[in-house]
Structures are given as C-alpha cells and as structure tokens.
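S.K.: Numbering (full-length UniProt numbering), first residue to last: 1 to 337. Below you'll find the structure I mean.
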Amino acid sequence: MQMSKGLEEPKRLLELDSPTRSSSKKPKTKSENSIDAMNRNPRLQRYLVAIEYIGTRFSGSQKQPNCRTVVGVLEEAFHKFIGQHVSISFSSRTDAGVHALSNVCHVDIERISKRKPGELLPPHEPEVVRRAVNHFLQKNEGDIMVIDVRCTSTDFHARYDARERIYFYRLLSGPTLLSTFEKDRVWHIPEELDVVAMQKACQILVGHHDFSSFRAAGCQANSPIRTLDELNVTEVLPCPYFPSSAERQQFDSLENASPLNSCMPRKRQRCFVITARARSFLYHQVRLLVGVLKSVGTGDLTPDDVKRILEAKNVNAASPKAPACGLYLGHVKYDLP
1 MQMSKGLEEP KRLLELDSPT RSSSKKPKTK SENSIDAMNR NPRLQRYLVA IEYIGTRFSG
61 SQKQPNCRTV VGVLEEAFHK FIGQHVSISF SSRTDAGVHA LSNVCHVDIE RISKRKPGEL
121 LPPHEPEVVR RAVNHFLQKN EGDIMVIDVR CTSTDFHARY DARERIYFYR LLSGPTLLST
181 FEKDRVWHIP EELDVVAMQK ACQILVGHHD FSSFRAAGCQ ANSPIRTLDE LNVTEVLPCP
241 YFPSSAERQQ FDSLENASPL NSCMPRKRQR CFVITARARS FLYHQVRLLV GVLKSVGTGD
301 LTPDDVKRIL EAKNVNAASP KAPACGLYLG HVKYDLP
C-alpha cells in the first residue's frame, strides 16, 4: 500500500500479502454474483480501516447495550464525521481488556452534501477519513485511534477475507512489584520462567490439530480443527524503559556513543512476548494456550503434559486461561491488489 502524503505520516498497518498468492476463499456462484450486483449500491464507498486501542476501558469490541465498546465509539465518530449512521464489521473480536495494535474493520459510506441535502459527492479520500474520524475519537477517552485507511471493493469483507491473524501476549517475570506504568498492559508472573521448556511446549502445539482443549465454552466455530502456523516465546526489553546514569554517559558524545542493544536493562522483571499466528483462532484459544505455556514455564506442567492436554480434546484438561490484560491483536493480513 502506498503511503498517503500529508503533514502527519500515518502508520500503515493494513498488512498485505502478495496478490499472486492463492486464496482459499470459495468462488461465488453466478446466482450469488447476481444477487451481490443487485444489492450493491454504486454510490457507496467501502473503506478498510485499521485501528489501535487500549482495551482496558472497553467492554470488548462488539456492540453491547449500555456498555462502552470499540465498535460503538467508532460508529459514533463516523456518525459525527458524515452525519449518517454507519454499520462497522470487524475482522476480529476482542474481549474486554484485550488491546489491539491493529484491528481491521470495513465500513460503507455514501457521501452526501451537508449544504445541499440529497446531492451526492465523490467519495472522501482515505487520508481525509483517517484525520476526520481521529478528530472525533480524540474528543472521547483518547484510547483509540485510526492508523490506516484504504478504499476497497464493496464485496470485500474484513473478517472473511482475512488471510492471517497475529496475536502477541506480554508476560513480566520476577518478584518485583509490577510498575504502575504496566498496570492492565501485561500479565505479571512472580516466578522465574523456564523459557526452554516453554519453547518445547510451543513445538508440540504448532501445526494442524483438534484444539478442543483450547476452546472455551460458547465458541461458535463449526469445528475445533485449526492450523497454528507459529507459536513462540521471545524475551524483549521491558517497556517503558529509561536509561540509567551509566547508560546516559555512553551517549554523552558521538565519539562515545554505542549501539542501543549494548545497554543492558536494569534488573527488575524479565519481559517475554508469546506470538501466536494462524488464519483464525477459536474462542479464547490464545489465552488458553498462554495459560498452559505459563504453567510449563513455572514448572507446574511439563512439555509431555502439554501433549496430553492437546490429545485430551477437553478444555477442562487445560490450565486456567491467561488474563485479558496481556493480550494484543497484532496484525491482520489480506490479499489485496
């Protein structure tokens, strides 16, 4: 996707696969295409919109009565922008407390003149949409922002056309009390974690399996069979991170400057990120996977236990699911021209 030019350079997080890559989406029949053509309003422009948000003060992404939700806040901002009610469809649902680095939705907009009601105008440019919607979002709690917008065809669906989803889960390990700045952004584990054992458990879970043991009650998926393309544990620098006086002295002149990765973090907690990548996930699958990996890391389970849990095909065999606060929807990928 080409970057729009403007005073502010937006993040571009609508990730695209190569257009030559084959899609597993079923081709539509002639009758379905005819119905689509009849139902399609040529005056509507469909936009694909990527947003980031802190999930702490949201009761999830989907609309609920008398609750503050991601879709509710976003639809309100669009309404203020164009003066019409819109319906937004997300690529991925997130629970209360779950964050998003990039969740994607689509919305249809018919641009009608506010000065001359009934007069149709050309569709808004994507950059205009991004700036205008963010203007109204920032008047809300300031915990949600549009980071990317592009035009797409009216038969493109943010959920059903997604090729891949990536989730990240943040863990802080160590006995030190959790920093105030990390509250509701990470799962704090007081014990030290055995990362080698956790990686062995990841290898057992990667692949094409019946994930019934990692499928919460209430899951509406037709099948528990999923292909988990990636599951791993990576140690990263704790964040937020500020340099010590010794580290600052290394950068007091260009001559003495050293690469950032040479600065060792202060001894507080160790920070780990669990990455899960697949085309689609079952309800609470990632949080259940993390719960089991955490138990392996603390020594409550072994990698062999993980294999037993997977083969049990019963969610009661798994460890309690990880809390929502450490989970981040990272990326959603599509095949787009």
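Ideal placement from N, C-alpha and C gives every residue a C-beta, glycine not left out.
Ordered along the chain, which non-local residues of its own chain (more than five positions away) have a Cβ less than 8 Å from that of S87?
M.R.: The residues are E75, V107, D108.
S.K.: Between L289 and the rest of its own chain, which residues show a CB-CB distance below 6 Å, the 5 nearest in sequence each way excluded?
M.R.: Answer for L289: F214, listed in chain order.
S.K.: So for A324, helix, strand or coil by DSSP?
M.R.: If DSSP states are grouped into helix, strand and coil, A324 belongs with the helices.
S.K.: Whole angstroms are fine: how far does the CA of D155 sit from the CA of I35?
M.R.: The pLDDT assigned to I35 is 40, lower than 50, so where the model puts this residue is not dependable; a value taken from the coordinates is nonetheless given after this. One C-alpha to the other measures close to 11 Å.
S.K.: Mapping the DSSP letters down to three states, classify L289 as helix, strand or coil.
M.R.: In the structure shown, L289 sits in a helix (DSSP, three-state: H, G or I).
S.K.: Whose C-alpha, out of V128, Q138, E164, Q269, is nearest the C-alpha of G330?
M.R.: Closest by alpha carbon: E164.
S.K.: Determine, using beta carbons only, whether F168 and V273 come nearer to each other than 8 Å.
M.R.: In this structure, V273 lies closer than 8 Å to F168 by Cβ.
S.K.: Going by beta-carbon coordinates alone, are V195 and A158 separated by less than 8 Å?
M.R.: Cβ atoms of V195 and A158: not closer than 8 Å.
S.K.: Tell me whether the stretch 41-60 and the stretch 110-120 touch, counting them as touching only if at least three CB pairs, one residue from each stretch, are closer than 8 Å.
M.R.: Yes: at least three Cβ pairs fall under 8 Å.
S.K.: So for T302, helix, strand or coil by DSSP?
M.R.: The answer is coil: DSSP assigns T302 none of H, G, I, E or B.
S.K.: Please report the straight-line C-alpha distance between I309 and A221, rounded to a whole angstrom.
M.R.: Their backbone Cα atoms lie some 20 Å apart in a straight line.
S.K.: Give me the DSSP bridge partner(s) of Y169.
M.R.: DSSP lists I274, L327 as partners of Y169.
S.K.: Suppose the cutoff is 7 Å on Cβ atoms and the five residues either side in sequence are ignored; what does the same chain contact list for S153 look like?
M.R.: Taken in chain order, the residues that qualify are R46.
S.K.: Tell me the DSSP secondary structure of S89 in three-state form.
M.R.: It is a strand residue.
S.K.: Does the stretch 76-86 come within contact of the stretch 310-328, defined as at least 3 CB pairs closer than 8 Å?
M.R.: No, the stretch 76-86 is not in contact with the stretch 310-328.
S.K.: Going by the beta-carbon positions, is the gap between E52 and I147 smaller than 8 Å?
M.R.: Going by C-beta atoms, E52 is nearer than 8 Å to I147.
S.K.: Work out the CA separation of Y328 and T99 for me, nearest whole Å.
M.R.: Looking at the sequence shown, residue 99 is not Thr but His. Computed Cα separation, rounded: 5 Å.
S.K.: Roughly how many angstroms lie between the CA atoms of R185 and L231, to the nearest whole one?
M.R.: Near 20 Å, if we compare the C-alpha coordinates of L231 and R185.
S.K.: Buried or exposed: where does I166 fall if 16 or more other Cβ atoms within 10 Å of its Cβ makes it buried?
M.R.: Buried is the call here.
S.K.: For C67, count neighbouring C-beta atoms within 10 Å of its own C-beta (all shown protein chains included) and say buried if the count is 16 or more, exposed if not.
M.R.: The residue in question, C67, is exposed, as its Cβ has fewer than 16 Cβ neighbours within 10 Å.
S.K.: Around the Cβ of G299, are there at least 16 other Cβ atoms within 10 angstroms (buried) or fewer (exposed)?
M.R.: Classification of G299: exposed, given that the 10 Å Cβ count is below 16.
S.K.: Taking I225 as the reference, which of P303, A217, G142, H209 has the closest Cα?
M.R.: Minimum Cα distance to I225 is reached at H209.
S.K.: Contact check, C202 vs L293 under 8 Å by CB: the rounded distance?
M.R.: Right, the Cβ-Cβ distance comes to about 7 Å (below 8 Å), so this counts as a contact.
S.K.: Taking N66 as part of the alpha helix (DSSP H), name the residues at either end of that continuous run.
M.R.: Where N66 is concerned, there is no enclosing alpha helix (DSSP H), given that its DSSP letter is neither H nor E.
S.K.: Where does G60 sit, in a helix, a strand or coil, going by DSSP?
M.R.: Correct three-state label for G60: coil.
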